[in-house]
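Data block below; observations after.
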Ligand code: ATR
């Protein structure tokens, strides 16, 4: 039996077992995917003993993504730039680490907004935390000319420019509304709008009608930001897609089958988040 897991601290809320469990069953694979709580103090041990414990690899979530980056062989240049790992796998006796958050974001966006062209575009990203890092890197890799980053704590936006270069434009949080003009894409990567958190309070007046709006928050499935954007005619892409799409490559690395993000999988996870979900 092939084993994989997701590690974090705490880990009880991860929906990854639901996603991978669905694919394991669908493809008739003799495998398992479990949640493993791993304290920061035992992280290095856990990673070092992955193979001995019979794992093909694991997903890594909060708060371990940066620490695991320092514990594995980095698999690719994109992960090297990010400094964070969300997927670990064994290959030729080595423990490799990669990051699938960026492709999860882009592939979700391609599904939700097929006409969006990011090459030579201008985007605005709200937030400069861990999730923002992967999102900004992914948008730059798609060839955007400028990614403006507005963050409550300005220094963290400045750090993104230092990491990724001059196409990142750090702006003040209160400048975000003015920056919406000429944007092709608006992304919320802050926790604002999440269940139990305050709403994101942003007037979309200046945002072009053809711009796409997306939120990485997926509890609720549709945030107020997305509702407001849709109401004024913008194409919106929901946050759940990133969670589903980031899981694809890990599954294929561990279990040897490239799975698909189907409407059935989407609805399964959507119902787990909101039992009242209906298409
Ligand atoms: P994640 O890994 O999900 O990105 P994080 O690294 O803690 O989590 O980042 C949370 C993001 O939400 C940050 O950009 C944070 O802004 P700060 O860097 O100023 O903390 C943003 N955020 C959280 N609460 C906020 C609030 N009330 N107003 C504005 N931004 C907020």
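Numbering (our numbering), first residue to last: 604 to 882.
From the three backbone atoms N, C-alpha and C, an ideal C-beta is built for every residue, glycine too.
Residue i: first and last residue of the uninterrupted alpha helix (DSSP H) it sits in
i: residue 707; result: 704 to 715
i: residue 628; result: 619 to 629
i: residue 739; result: 733 to 744
i: residue 682; result: 680 to 685
i: residue 725; result: Looking at the DSSP string, residue 725 is not in any alpha helix (DSSP H); the run it does join, the beta strand (DSSP E), is 725 to 729.
i: residue 840; result: Run containing residue 840: none in the alpha helix (DSSP H); it sits in the beta strand (DSSP E), 838 to 840.
i: residue 844; result: 843 to 858
i: residue 670; result: 668 to 672
Option in the options with minimal Cα separation from residue i
i: residue 699; options: 687, 709, 706, 707; result: 687
i: residue 843; options: 678, 690, 714, 659; result: 714
i: residue 607; options: 808, 662, 878; result: 662
i: residue 809; options: 870, 830, 785; result: 785
i: residue 639; options: 612, 621, 647; result: 612
i: residue 627; options: 657, 879, 851, 874; result: 851
i: residue 743; options: 767, 761, 859; result: 767
i: residue 733; options: 619, 882, 666; result: 666
i: residue 631; options: 685, 605, 878; result: 605
i: residue 722; options: 737, 741, 711, 708; result: 741
i: residue 653; options: 675, 860, 754; result: 675
i: residue 832; options: 849, 804, 822; result: 804
i: residue 615; options: 837, 641, 629, 634; result: 641
i: residue 711; options: 781, 878, 869; result: 869
i: residue 610; options: 643, 621, 755, 739; result: 643
Residue i in three-state terms, based on DSSP
i: residue 878; result: coil
i: residue 766; result: helix
i: residue 605; result: strand
i: residue 677; result: strand
i: residue 650; result: helix
i: residue 831; result: helix
i: residue 796; result: coil
i: residue 615; result: coil
i: residue 864; result: coil
Residue interval of the beta strand (DSSP E) (run including residue i)
i: residue 784; result: Looking at the DSSP string, residue 784 is not in any beta strand (DSSP E), and its letter there is neither H nor E.
i: residue 775; result: 771 to 775
i: residue 916; result: In the structure displayed, the chain extends from 604 to 882; residue 916 sits before or after that span and is not available.
Beta bridge counterpart(s) of residue i as assigned by DSSP
i: residue 639; result: 610
i: residue 821; result: DSSP, once it has assigned bridges, lists no residue as partnering residue 821.
i: residue 693; result: 698
i: residue 791; result: 729, 818
i: residue 751; result: 727, 772
i: residue 655; result: Paired residue(s): none; residue 655 is not in a bridge.
i: residue 634; result: 605
Beta-carbon proximity of residue i to residue j, cut-off 8 Å
i: residue 815; j: residue 719; result: yes
i: residue 678; j: residue 701; result: yes
i: residue 856; j: residue 690; result: yes
i: residue 693; j: residue 659; result: yes
i: residue 801; j: residue 807; result: no
i: residue 636; j: residue 655; result: no
i: residue 859; j: residue 703; result: no
i: residue 817; j: residue 729; result: no
i: residue 771; j: residue 752; result: yes
i: residue 873; j: residue 828; result: no
i: residue 685; j: residue 731; result: no
i: residue 747; j: residue 725; result: yes
i: residue 716; j: residue 838; result: yes
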